[in-house]
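Below is one structure; the comments refer to it alone.
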Amino acid sequence: MTVYGTDKRHHTLSVLVENKAGVLSRVAGLFSRRGYNIFSLAVAPSDDPRFSRITIVVDVASAPLEQIVQQLHKLIPVVSITQLPPESSKERELILATVGVGPETRGQVIQLVGVFEGKIIDVGHDRLTVMLAGDPAKVDDFEELLRPYGIVELQRTGRVALPKLTRTEPPSGRVLGFSSAHDTEKAG
Amino acid sequence: MELTGAQALIKSLEMQRVDVMFGLPGGAILPVYDPIIDSSIRHILVRHEQGAGHMAQGYAQVTGRPGVAMVTSGPGATNIVTPLADAYMDSTPLVVVSGQVATTAIGTDAFQESDITGITMGVTKHNWLITDPADIPRVVAEAFHVATTGRPGPVLIDMPKDVSNASMEWYWPGPGDLDLPGYRPVTVGDPALVRQAAELLLASRRPVIYAGGGILKARAAEVLRELAERTGIPVVTTLMARGSFPDSHPLCLGMPGMHGNYTAVTSMQRSDLLIALGSRFDDRVTGRVDAFAPEAKVIHVDIDPAEHHKVRRADVAIAGDCRLVIEELLVALEALGLPHSDATVGGKGGSPSDAPPGAEAVPGSPAAAHPRTGLAPWRDQVSAWQRDFPLGYHQDPTDGPLKPQFVLETLRDATPEDTIVASGVGQHQMFASQWWRFDHPYTWVNSGGLGTMGFAVPSAIGAKVGRPDKTVWAVDGDGCFQMTAQELVTASSERIPVKIAILNNAYLGMVRQWQEMFYEERYSEVYLSPDLPDYVQWAEAMGCVGLRVETPGDVAPAIDKANSVDDRPVVIDFRTDAFEKVFPMVAAGQSNDDIVVDPSLGQGGR
Numbered sequence: 001m002t003v004y005g006t007d008k009r010h011h012t013l014s015v016l017v018e019n020k021a022g023v024l025s026r027v028a029g030l031f032s033r034r035g036y037n038i039f040s041l042a043v044a045p046s047d048d049p050r051f052s053r054i055t056i057v058v059d060v061a062s063a064p065l066e067q068i069v070q071q072l073h074k075l076i077p078v079v080s081i082t083q084l085p086p087e088s089s090k091e092r093e094l095i096l097a098t099v100g101v102g103p104e105t106r107g108q109v110i111q112l113v114g115v116f117e118g119k120i121i122d123v124g125h126d127r128l129t130v131m132l133a134g135d136p137a138k139v140d141d142f143e144e145l146l147r148p149y150g151i152v153e154l155q156r157t158g159r160v161a162l163p164k165l166t167r168t169e170p171p172s173g174r175v176l177g178f179s180s181a182h183d184t185e186k187a188g
Numbered sequence: 001m002e003l004t005g006a007q008a009l010i011k012s013l014e015m016q017r018v019d020v021m022f023g024l025p026g027g028a029i030l031p032v033y034d035p036i037i038d039s040s041i042r043h044i045l046v047r048h049e050q051g052a053g054h055m056a057q058g059y060a061q062v063t064g065r066p067g068v069a070m071v072t073s074g075p076g077a078t079n080i081v082t083p084l085a086d087a088y089m090d091s092t093p094l095v096v097v098s099g100q101v102a103t104t105a106i107g108t109d110a111f112q113e114s115d116i117t118g119i120t121m122g123v124t125k126h127n128w129l130i131t132d133p134a135d136i137p138r139v140v141a142e143a144f145h146v147a148t149t150g151r152p153g154p155v156l157i158d159m160p161k162d163v164s165n166a167s168m169e170w171y172w173p174g175p176g177d178l179d180l181p182g183y184r185p186v187t188v189g190d191p192a193l194v195r196q197a198a199e200l201l202l203a204s205r206r207p208v209i210y211a212g213g214g215i216l217k218a219r220a221a222e223v224l225r226e227l228a229e230r231t232g233i234p235v236v237t238t239l240m241a242r243g244s245f246p247d248s249h250p251l252c253l254g255m256p257g258m259h260g261n262y263t264a265v266t267s268m269q270r271s272d273l274l275i276a277l278g279s280r281f282d283d284r285v286t287g288r289v290d291a292f293a294p295e296a297k298v299i300h301v302d303i304d305p306a307e308h309h310k311v312r313r314a315d316v317a318i319a320g321d322c323r324l325v326i327e328e329l330l331v332a333l334e335a336l337g338l339p340h341s342d343a344t345v346g347g348k349g350g351s352p353s354d355a356p357p358g359a360e361a362v363p364g365s366p367a368a369a370h371p372r373t374g375l376a377p378w379r380d381q382v383s384a385w386q387r388d389f390p391l392g393y394h395q396d397p398t399d400g401p402l403k404p405q406f407v408l409e410t411l412r413d414a415t416p417e418d419t420i421v422a423s424g425v426g427q428h429q430m431f432a433s434q435w436w437r438f439d440h441p442y443t444w445v446n447s448g449g450l451g452t453m454g455f456a457v458p459s460a461i462g463a464k465v466g467r468p469d470k471t472v473w474a475v476d477g478d479g480c481f482q483m484t485a486q487e488l489v490t491a492s493s494e495r496i497p498v499k500i501a502i503l504n505n506a507y508l509g510m511v512r513q514w515q516e517m518f519y520e521e522r523y524s525e526v527y528l529s530p531d532l533p534d535y536v537q538w539a540e541a542m543g544c545v546g547l548r549v550e551t552p553g554d555v556a557p558a559i560d561k562a563n564s565v566d567d568r569p570v571v572i573d574f575r576t577d578a579f580e581k582v583f584p585m586v587a588a589g590q591s592n593d594d595i596v597v598d599p600s601l602g603q604g605g606r
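For the record, the sequence lines run as chains A and B.
Residues 1 to 188 in the working numbering are what the first sequence spells out, letter by letter.
Residues 1 to 606 in the working numbering are what the second sequence spells out, letter by letter.
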């Protein structure tokens, strides 16, 4: 098992599942009944309408990663699992935050959003709703710097990720974009 | 050909060569019960849906074919959750069909609605809610495929009433038509890992084969025997593996674990190599995990890779079917110089390859079956433990209370050696596993992982339905019997002549034992009474022959009488000693080194 990144507790799994009723419940149920902790979870249809992709950041303090992966593999609708270590994947997360602003702080918040290349997506008399998409560490920094202004509401999407592209090797044929070196072949 | 969904379901079961199913009808499943009248499938009407599930389990455990049960929605479905959970723990192939309210009513809290696919998600290998009648044949084929391949297990098909009533164009899917893109069970082991395992095995000096239920699931009893005989390695058989290796074989050490015998437990503890074949390091086998077999390397063969490293990190973990992997292992061992089978099987005529001069093995001894004399000191040690720490009990032949072990020994000796024994859960189960002699696979039916009280009566009925040619005895406790005894009405009306031996000690015996040993004899809610209910009258009211035995001298005659009845079930109420406890015992959470043997044997344990 690889331990990587700054935060050794959190590992990202990209799980390709059949796009059928109840699949998310099966995945979530597995985590709860086996006592595994989910740090974040994002679900959306994949490029193939038969499948959806669940990006799960798991807390491996609760169970060894290989146990979590093997148990996930046993779910019949789970087609493949890709482990995405930060050093060889591109991770992104989106944050929406509504911040309280006064006459003197409004400019500071707008400037902060500009520095982070975020967006202001809604404007009120004493509030701004801002948005930033970026790698999770950047999103953390942004949130931290916003906090002193008074966060009224905040929503983060949880991470999504894809394997990093290699430039040294010729492109290889990819089935559903899922034949990277980190693929775990399903068994059992 | 146009069929209703209900007809398509029954026809699909026929296509899967289902010969018998266990069930109980109700509102939502009503349409499916109509075509049963015209079907070749025998339906056995149970008195409670739990009984249907356990019967299907008993059937599956003795035949190796999937057991099939059918229930209605709501309470019918929830009543079969326990058998599903039981089958999931013990990897028993089961296909359960449940009725469901109409798709238009799902989610409205309709009469007898329950979210059974949601409820059973954690206790089935997979489940399906059918919403389109055209899916029925495909889903049934998928259900049987999933239940019986890979690590077997229970599946559930939920059939809404409107889907049963709708019509569809009949078809039968080919293997390529199954829609299971995420299901690819492994079968063959990785050759490189198998070779590593073979090398570890040949380098070991104190190896033990730790055979589990996977041996039986994989139909691997024969190759297991070949592996043991050709390598001379002793075998322990877990509760789920009893019968997978003959108890009378000189290399058989019997059952390990919390109530395992001293030799089985201790040889694993002292081992330098555990060869785990289809076993899963259950807490009842390992005791305290960090003190379990501290010097042993581990080869772990299991078809479910999630079992690898779950409890104990394996040195070589092989994902694969036990039968195929053992066959591969034998080939790898031969390549590394293990003599060919002709020379050694059964220990006849084998010339020990690395034997020192004059080290002639005694025919029939473990050493005779094995050319590797390097293991001789180990087998001697094991034999010494067997000699010094046998199982024991004391039965006063004329007077004094009747001992459960004596009943079991008498029963064992008075029945055919391939008798199928089913049991419930508790002291009687441990006594049965300890004192029966299992020499044939698929003759032991019990609830291992889940520990479901009340398992014996219905599972024995299912076993007898699956193997009508065999004598089937249920060894039950009085507490267990009261949980599912109503299924003897099913057995009487269907003419299924099972025999039930109740070891009636008037207590929830195993709980009583723990309260005696660990709760300062403060007996809390464990007393049941020996004669309330009156088991003989109850048996007779259910159409069975009822007998009562109170003294040692009456045991054998009663068993003979029971064995002579073949047109109805027989129940014998054996009034046994409430003070008798199951030994040896490793207390919960303790190291297997702290095994306590029967104090009456005078050795006082370790």
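We put the beta carbon where it would ideally sit given N, CA and C, even for glycine.
Would you kindly report the start and end of the unbroken alpha helix (DSSP H) that includes residue i?
| i | result |
| --- | --- |
| D388/B | 376-388 |
| F144/B | 136-148 |
| L128/A | Segment 127-134 is the beta strand (DSSP E) holding L128/A; no alpha helix (DSSP H) there. |
| F481/B | 478-484 |
| P185/B | That residue, P185/B, is in no alpha helix (DSSP H); it is neither H nor E in DSSP. |
| P83/B | 81-89 |
| F22/B | First-last for F22/B: 20-23, but that is the beta strand (DSSP E), not the alpha helix (DSSP H). |
| T117/B | 116-120 |
| Y262/B | 262-270 |
Return the first residue and the last residue of the beta strand (DSSP E) that residue i is part of.
| i | result |
| --- | --- |
| R92/A | 89-100 |
| K403/B | Unbroken run through K403/B: none, as it is neither H nor E. |
| V78/A | 78-83 |
| G254/B | 252-254 |
| T595/B | Note that residue 595/B is Ile in the sequence shown here, rather than Thr. Taken as a continuous stretch (DSSP letters only), I595/B belongs to no beta strand (DSSP E), as it is neither H nor E. |
| H428/B | No beta strand (DSSP E) holds H428/B; the alpha helix (DSSP H) holding it covers 427-435. |
| I121/A | 119-123 |
Going along chain B in order, which residues have a C-beta closer than 8 Å to the C-beta of residue i?
| i | result |
| --- | --- |
| I76/A | K125, H126, V146, L180, G182, Y183 |
| R33/A | G122 |
Against residue i, what residues of chain B qualify as contacts under a CB-to-CB distance less than 7 Å, listed in chain order?
| i | result |
| --- | --- |
| E66/A | H309 |
| E143/A | Chain B residues near E143/A: none, gap ~35 Å exceeds 7 Å. |
| V79/A | P181, G182 |
| E18/A | P181, G182 |
So, under 8 Å CB-CB, residue i and residue j are touching, yes? Tell me the CB distance rounded to an integer number of Å.
| i | j | result |
| --- | --- | --- |
| S271/B | G214/B | Contact flag wrong, Cβ pair sits at about 19 Å. |
| A460/B | G58/B | 6 Å |
| V635/B | V545/B | Residue 635/B is absent from the structure shown; chain B starts at 1 and stops at 606. |
| D247/B | F389/B | Their Cβ separation, rounded to whole angstroms, is 17 Å, which puts D247/B and F389/B out of contact at 8 Å. |
At a CB-CB cut-off below 8 Å, which residues of chain A make contact with residue i?
| i | result |
| --- | --- |
| E118/B | First, the residue type needs correcting, since residue 118/B is Gly and not Glu in the sequence shown. By Cβ distance, chain A contributes G22, S25. |
| M121/B | G22, S25, R26, G29 |
Along chain A, in chain order, which residues have C-beta atoms closer than 9 Å to that of residue i?
| i | result |
| --- | --- |
| G212/B | Chain A residues near G212/B: none, gap ~16 Å exceeds 9 Å. |
So which residues of chain B does residue i contact, with C-beta pairs closer than 9 Å?
| i | result |
| --- | --- |
| Q70/A | D304, P305, A306, E307, H308, H309, K310 |
Tell me the DSSP secondary structure of residue i in three-state form.
| i | result |
| --- | --- |
| A588/B | coil |
| R575/B | strand |
| N504/B | strand |
| P163/A | strand |
| C544/B | coil |
| K20/A | coil |
| Y442/B | coil |
| Y149/A | helix |
| S98/B | strand |
| A228/B | helix |
| M453/B | coil |
What residues are listed by DSSP as bridge partners for residue i?
| i | result |
| --- | --- |
| E169/B | E2/B |
| N37/A | D59/A |
| S14/A | T55/A, T82/A |
| D34/B | None; D34/B has no bridge partner. |
| H43/B | M21/B |
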